[in-house]
Amino acid sequence: MIELLQQHLIRTSLGLPCESVSALTRMNDNSHQTSTLFGPSRDLLFRNMAALALAQYGSGAALTALLHPFGYAKVLMQVGHEPLAPVPSTTFIFRRDVLVYPNIFKYMGHIKEVDGFRGLYRGVVPRVLAGTFGNMVQINIQGRLKESESKSSKGRDTSAEDDEEFVPWLQKFAQETSEETISRCCGVIASHPFHVIMVRSMVQFVGRETKYNSIWSSTKEIYEQEGILGFFAGLVPRLIGEVITIWFTNFLARFINKYLVQEKLVVSHLTYPFTLVTNVMAVSGSRLYAGQQPIMPVYKNWTECMSSLSRDGDLKRGASAFWRVYKPRPVQLLARNVHKQL
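The number in our numbering is simply the position in the sequence shown, starting from 1, with 79 added.
See below:
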C-alpha cells in the first residue's frame, strides 16, 4: 500500500498521468471487501485510508512546490521567452558550431536575479491546487466506476477474463483503460481553470504585470475579459494529450514490455506538442504582454496554434532543459529587453 502511494506521489508531483490511480482504487475495493468480512474494523480501515490519503496529498503538494522552479522555467521556454542571449557550442557527433540557449539552471538563475528567490515560486499556489484537486476528482470518479463495475460483474463467470487469449485480454484492457480515461479527463476538466491561472501567473514575468498575482485577481481578470470559456483556454489539446498518453502507456506496459521508463520516454515524445499547445493557448489572446503581438500571435483556436508551431519547427520548443539550440526570431530582442524598458 505504501509503495503504491509513493508511486502515485511521484507521478503527481511530476505532472504525469496517474496510472497508479487504478491501483489505488483497486486497493480501495480490497479494503471494502475486507471491511465486509471484519465488520467492527470497517470504520478503522476507512480512517486509516483517509489518513494515508491526506498524507499522500500533503506530501505530493510539498514535492510539487519543491520542484516548481523547474516547471516555471519550462513554461517560459514553451511560450518562447528567451531573455538570455545564446552562447557558442558544438554538436556532440559532428562537432559542428552552433548557438545554444543557456540551460534551465541558468534560466532559473535569471529569474532569481530579476525577482529574487521568492520569484522562483510564482504560480506555485494554483499549480498545487490544480494537481491536488485534479487527482482528488480522478480518484473519486475512478473509484465509483470500479464500484459500478464490481456490482455489474457479480455472478458473472470471469474465468474468460483471466484467459491469456488475445480477445479477452483486449476487452479487459479496453474496459480498464476507458475507465481510467474517463476519470482522468474529469480530473483535467475540473482542475483546468487552476492550470490556466498557473500558466498566466508565470508568463506575466515577461511583461512584468501583476494581474495574476493571486487566485482572486486572476479569476476576476479572466472572467471579466473572457468569460467562463477563458478558464478553459487550451483544454482540448490537453485532453487529447492525456488520452493518447493513457492509451499508449497502458498498451506499451501491458503488451510490449514491463519497463515504465522506456514507455514513458516514447509516450512523452509523442504527446509533448499537445502539452506545448495547451500552455501557449492558455496565454494567447490574453491581456498579458507575452500573449499579444508581436511577442505571440493571437491564435483563433488550438489547431491553428499547432499548425503555426509546426510550420516554424517549434513543436518541441521547451522540451529540452539542457541542449537548447538557438533559433532566431524577429521579436526575441524585443522580449529580451522588456525588463529594461518597463
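Beta carbons: idealized from backbone N, C-alpha and C, even for Gly.
Inset, instruction - Could you tell me whether the Cβ atoms of Leu318 and Val278 are closer together than 9 Å? - result: Counting from one through the sequence shown, the residue named residue 318 turns up at place 239. Counting from one through the sequence shown, the residue named residue 278 turns up at place 199. No, these two residues do not count as a Cβ contact at 9 Å.
Inset, instruction - Please go through the stretch 195-283 and give each complete beta strand (DSSP E) segment of 3 or more residues, from N-terminal end onward. - result: none
Inset, instruction - In angstroms with no decimal places, state the Cα-to-Cα distance between Ala209 and Glu303. - result: Within the sequence shown, the letter at position 130 stands for residue 209. Within the sequence shown, the letter at position 224 stands for residue 303. Rounded to whole angstroms, Ala209 to Glu303 spans 21 Å at the Cα level.
Legend entry - C-alpha distance - Ala253 paired with Gln371, whole-angstrom precision: One-based indexing of the sequence shown puts residue 253 at position 174. One-based indexing of the sequence shown puts residue 371 at position 292. Each residue's alpha carbon lies about 43 Å from the other.
Legend entry - Cβ-Cβ distance between Val180 and Ala152 below 9 Å: For the purposes of this step, residue 180 is taken as the residue at position 101 of the sequence shown. For the purposes of this step, residue 152 is taken as the residue at position 73 of the sequence shown. First, the amino acid is wrong: residue 180 is Tyr here, not Val. No, the pair does not count as a contact, with Cβ atoms beyond the cut-off.
Inset, instruction - Go ahead and pull the three-state DSSP assignment for Val404. - result: Working through the sequence shown from its first residue, we reach residue 404 at position 325. It is a strand residue.
Inset, instruction - Could you name the residues that DSSP lists as bridge partners for Tyr180? - result: In the sequence shown, counting from the first residue as 1, residue 180 sits at position 101. Answer by DSSP bridge pairing, in chain order: Arg403.
Inset, instruction - Could you confirm whether any beta carbon from chain D is found closer than 9 Å to the beta carbon of Tyr186? - result: Checking the listed chains, one finds no chain D in this structure; it contains a single protein chain.
Legend entry - Same chain only: Cβ atoms within 7 Å of Val158, ignoring 5 sequence neighbours per side: Residue 158 sits at position 79 when you count from the first residue of the sequence shown. Counting only Cβ-Cβ distances below 7 Å, and skipping sequence neighbours, we find Val282, Asn358, Val359, Val362, Ala369, Met375.
Legend entry - Check whether Gly309 and Thr350 have beta carbons under 9 Å apart: Position 230 of the sequence shown holds residue 309. Position 271 of the sequence shown holds residue 350. Result no, Cβ atoms of Gly309 and Thr350 do not sit closer than 9 Å.
Inset, instruction - Counting only the same chain and skipping the five closest in sequence on each side, list residues whose C-beta sits under 6 Å from that of Pro316. - result: Here residue 316 corresponds to residue number 237 of the sequence shown, with the count starting at 1. Contacts found: Phe353, Val356, Thr357, Trp381.
Legend entry - Beta-carbon gap between His271 and Gly222 smaller than 9 Å: Taking the first residue of the sequence shown as position 1, residue 271 is located at position 192. Taking the first residue of the sequence shown as position 1, residue 222 is located at position 143. Result no, Cβ atoms of His271 and Gly222 do not sit closer than 9 Å.
Legend entry - Whole beta strand (DSSP E) elements within the stretch 138-194, 3-residue minimum: Fully contained in the stretch 138-194 are the following beta strand (DSSP E) runs of length 3 or more, in chain order: 166-169, 176-180.
Inset, instruction - Quick one: give me the first and last residue of the alpha helix (DSSP H) that Arg390 is part of. - result: Taking the sequence shown and counting its residues from 1, the one referred to as residue 390 is at position 311. Residues 381-390.
Legend entry - Meets three-Cβ-pair contact criterion under 8 Å: the stretch 138-147 and the stretch 199-214: yes
Legend entry - Beta-carbon separation (whole angstroms), Asn219 vs Ala400, contact threshold 8 Å: Here residue 219 refers to the residue found at position 140 of the sequence shown. Here residue 400 refers to the residue found at position 321 of the sequence shown. 34 Å between Cβ atoms; not a contact.
Inset, instruction - Please classify Lys225: is it buried, with 16 or more other beta-carbons within 10 angstroms of its beta-carbon, or exposed? - result: Here residue 225 refers to the residue found at position 146 when the sequence shown is read from its first residue. Burial call: buried.
Inset, instruction - Can you grab the Cα-Cα spacing for the pair Ile301 / Ile307, in whole Å? - result: Taking the first residue of the sequence shown as 1, we reach residue 301 at position 222. Taking the first residue of the sequence shown as 1, we reach residue 307 at position 228. Answer to the nearest angstrom: the Cα atoms are 8 Å apart.
Legend entry - Length of the line joining the Cα atoms of Glu383 and Ser389: Counted from its first residue, the sequence shown places residue 383 at position 304. Counted from its first residue, the sequence shown places residue 389 at position 310. So the two alpha carbons sit approximately 10 Å from each other.
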